[in-house]
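Report on the following structure.
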Amino acid sequence: MITYQTEGVEMPSIRKRETTEWVKAVAQTYGKKVGEIAYIFCSDEKILEVNRQYLQHDYYTDIITFDYTEGNRIAGDLFISLDTVRTNAEQFNAPYDTELHRVIIHGILHLCGINDKGPGEREIMEAAENKALALLAEMG
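Per the numbering used here: the sequence shown = residues 16 to 155.
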């Protein structure tokens, strides 16, 4: 089950049913089933607090993914800073909705086992994000 919550921000205007179907379809392409996924949309201040408290990182980020995956059933809590998503959209000259969906799927791709920290991994993650966004466009 996928849930969408907010903490200190307004719920972004995403189509939840379509987003849920899309997330499931993307996970399926990696041979994964969707378990309990919670999206928590929040502010920069909240994500900084989560980053400091749980990861000992002292910086803002667009998403923090807590991975509770077991076997091929993905599960996790995904904190998304809508402030940083907006900043990134402006910085990359991308539509806000596109950037938001990129971040939404970024966390799912992490849960599916794709990393973006090591050499060459960022390119693999970007390609996976782009493929997922193309799938969303097809479904829409």
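By construction, the Cβ of each residue, glycine as well, lies at the ideal position given by its N, Cα and C atoms.
- Judged by DSSP in its simplified three-state form, residue 45 adopts coil rather than helix or strand.
- Between residue 27 and residue 115, the C-beta spacing is below 8 Å.
- Comparing alpha carbon positions, the residue from 31, 22, 24 and 25 closest to residue 16 is 31.
- For the pair residue 18 and residue 119, the CB atoms are not nearer than the 8 Å cut-off.
- Judged by their CB atoms, residue 62 and residue 94 are nearer to each other than the 8 Å cut-off.
- Taken through DSSP and simplified to helix, strand or coil, residue 35 comes out as helix.
- Residue 144 counts as buried, since no fewer than 16 other beta carbons sit within 10 angstroms of its beta carbon.
- Taking the Cα positions, residue 73 is about 20 Å away from residue 122.
- If you draw a straight line from the Cα of residue 40 to the Cα of residue 71, it comes to about 33 Å.
- Comparing alpha-carbon positions, the option among 38, 60 and 57 lying closest to residue 50 turns out to be 38.
- In the three-state reduction of the DSSP assignment, residue 21 falls in the strand class.
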